[in-house]
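Below: the structure, in structure tokens.
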Amino acid sequence: MTDDGNGPGPTGAGGFLAVDSGGSGLRVVVGDVRRGPLDVRESGVPVRTGARGIDAGHLMEQLVPLVRELAEETGVPALGTAAVGAAGFSTLGEQLRAELPGALRRECGIRTVALAADAVTAYAGALGSRPGAVVAAGTGLIAVGTDLTRWRRADGWGHLLGDCGGGAWIGRAGLEAALRAHDGREGGSARLLECAEELFGPIQGLPGRLYPRPDRPAVLASFAPRVAACADEGDPVAVAVLRAAARHMADSAAAVCPTEDEAQVALTGGLFKLGAPLLVPLTEELATRLPHAHRVPAEGDPLHGSVRIATELAAGTLTLPRDEKMLYVVSTQGD
Numbered sequence: 047m048t049d050d051g052n053g054p055g056p057t058g059a060g061g062f063l064a065v066d067s068g069g070s071g072l073r074v075v076v077g078d079v080r081r082g083p084l085d086v087r088e089s090g091v092p093v094r095t096g097a098r099g100i101d102a103g104h105l106m107e108q109l110v111p112l113v114r115e116l117a118e119e120t121g122v123p124a125l126g127t128a129a130v131g132a133a134g135f136s137t138l139g140e141q142l143r144a145e146l147p148g149a150l151r152r153e154c155g156i157r158t159v160a161l162a163a164d165a166v167t168a169y170a171g172a173l174g175s176r177p178g179a180v181v182a183a184g185t186g187l188i189a190v191g192t193d194l195t196r197w198r199r200a201d202g203w204g205h206l207l208g209d210c211g212g213g214a215w216i217g218r219a220g221l222e223a224a225l226r227a228h229d230g231r232e233g234g235s236a237r238l239l240e241c242a243e244e245l246f247g248p249i250q251g252l253p254g255r256l257y258p259r260p261d262r263p264a265v266l267a268s269f270a271p272r273v274a275a276c277a278d279e280g281d282p283v284a285v286a287v288l289r290a291a292a293r294h295m296a297d298s299a300a301a302v303c304p305t306e307d308e309a310q311v312a313l314t315g316g317l318f319k320l321g322a323p324l325l326v327p328l329t330e331e332l333a334t335r336l337p338h339a340h341r342v343p344a345e346g347d348p349l350h351g352s353v354r355i356a357t358e359l360a361a362g363t364l365t366l367p368r369d370e371k372m373l374y375v376v377s378t379q380g381d
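For the sequence shown, our numbering gives the first residue as 47, with consecutive numbering after it.
If you want it as structure tokens, here you go:
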């Protein structure tokens with residue numbers, strides 16, 4: 047049966063499975079409610095996407111051997127609960143919702159399953175079950191927030207239509223400034239042009255090398271650290287790019303953050319490793335846009351979020367709001 051919105055009680059089996067499925071493959075944890083996470087395994091093969099969205103069969107092909115290894119090595123006698131966070135779940139989760147709970151029951155004996163968007167597991171990893179907003183930024187960017195009654199999301203629309211302020215956005219803006227310098231147009235940066243040619247070769251050939259690539263967002267994002275380095279050196283164009291990125295991030299955070307004074311805001315994702323050139327303007331923009339919210343460090347990553355959702359679901363204490371496309375819970379207990 048599908049969860050009724052109040053959530054199932056304790057599952058009766060303390061063993062849990064937590065999964066983070068993303069662009070680099072699977073990360074899988076087995077543990078139990080009393081002892082917490084016990085061991086982790088990884089698969090370096092990303093799950094395929096087909097006509098019905100994320101391929102549940104391909105996910106299970108990779109997941110089942112890892113789960114059996116982990117169950118044997120950790121000695122967890124029975125897995126009662128699973129939380130699976132998947133990139134693209136909110137728009138590509140049809141097949142996972144239809145097939146994955148049944149497959150997990152047949153192959154692993156799991157009766158209660160939470161399927162979550164990776165933005166939700168990022169939120170749970172960063173803030174847990176507290177009201178607030180999380181900005182998750184890497185190659186792309188999405189903000190997600192909740193007042194614990196419903197979810198709100200902003201951006202996450204991909205590098206052609208959005209992901210404003212993310213790694214691909216910063217890299218593209220930096221490369222545009224390099225091309226402006228090459229052309230002699232206003233808004234160009236000779237320093238960014240020099241960096242672009244160091245990384246990609248002669249700038250005239252950049253469109254031909256970039257446009258046909260299926261990994262174009264990642265290629266664009268690979269230039270973001272160069273933009274940050276130029277900003278750190280004081281290049282005014284690079285500084286302006288990162289200030290604009292910070293403004294976009296703050297806009298997305300403000301769109302999803304609850305208005306209550308206890309709301310918290312956290313940042314998660316590899317883009318924030320760019321450091322002060324991005325974090326200093328972002329801190330200023332967040333203070334301006336969200337003066338009521340408390341900025342806190344992220345407690346953990348999306349895998350930590352999957353562990354937290356699985357643990358709380360097994361214990362019957364999960365309070366994050368249910369939503370078919372964000373956090374979908376199915377229980378087959380009693381069937």
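In this text, a Cβ means the ideal position worked out from N, Cα and C, and glycines have one as well.
Since we're looking at a predicted model, the values are computed, not measured.
query: Helix or strand or just coil, what does DSSP make of Glu-345?
result: coil
Bridge partner(s) assigned by DSSP for Arg-231: Per DSSP, none; premise fails for Arg-231.
- request: Taking only the alpha-carbon atoms, compute the straight-line gap between Tyr-374 and His-104 and give it to the nearest angstrom.
  value: 20 Å
- request: Give the range of the alpha helix (DSSP H) segment to which Arg-262 is assigned.
  value: 262-267
message: Since Ala-312 and Pro-343 should fall inside the 8 Å C-beta cutoff, what is the C-beta to C-beta distance between them, to a whole number of angstroms?
response: 7 Å
message: Could you tell me which whole alpha helix (DSSP H) segments of length 4 or greater appear in the region 52-123?
response: 102-120
- prompt: By the 10 Å Cβ neighbour count, where 16 or more other Cβ atoms means buried, how is Pro-258 classified, buried or exposed?
  reply: exposed
task: Put Tyr-257 into one of helix, strand or coil per three-state DSSP.
output: coil
query: Taking three-plus beta-carbon pairs below 8 Å as touching, is the region 176-194 in contact with the region 293-301?
result: yes
task: Could you check which residue in Pro-304, Ile-216 and Ala-356 has the C-alpha nearest to that of Pro-323?
output: Ile-216
- prompt: DSSP beta-bridge partners for Ala-182?
  reply: Ile-188 and Thr-314
- prompt: How many whole angstroms separate the CB atoms of Pro-177 and Leu-150, which I take to be in contact at a CB cut-off of 8 Å?
  reply: So it is not a contact: roughly 30 Å between Cβ atoms.
- prompt: Whose C-beta lies closer than 7 Å to the C-beta of Gly-90 among residues of the same chain, with five residues either side of it excluded?
  reply: Ser-70 and Gly-71
Pro-27 classed as buried or exposed, judged by whether at least 16 other C-beta atoms fall within 10 angstroms: Any answer about residue 27 is impossible in this case: the structure gives the chain only from 47 up to 381.
- request: Evaluate Gln-141 with the Cβ neighbour count: other Cβ atoms within 10 Å of its Cβ, from every protein chain shown; 16 or more gives buried, anything less gives exposed.
  value: buried
field: Residue nearest to Thr-120 in terms of C-alpha spacing, selected from Gly-134, Gly-155, Arg-81 and Phe-135
entry: Arg-81
task: Following the continuous beta strand (DSSP E) through Arg-199, name the residue where it begins and the one where it ends.
output: 197-201
- prompt: Quick check: the region 204-215 against the region 236-244, are there 3 or more CB pairs under 8 Å?
  reply: no
- request: Use the C-beta contact count for Gly-230: other C-beta atoms within 10 angstroms, 16 or more gives buried, fewer gives exposed.
  value: exposed
- prompt: How about Ala-267 and Cys-276: do their beta carbons lie closer than 9 Å?
  reply: no
message: Report the CB separation of Ala-183 from Leu-317 in whole angstroms; it is logged as a contact under 8 Å.
response: 4 Å
- request: Tell me whether Gly-126 counts as near the ligand GDP, meaning its Cβ is closer than 8 Å to at least one heavy atom of that ligand.
  value: Of ligands this structure carries none, so the ligand GDP is not represented either.
- prompt: Under the three-state reduction of DSSP, which class applies to Asp-307: helix, strand or coil?
  reply: coil
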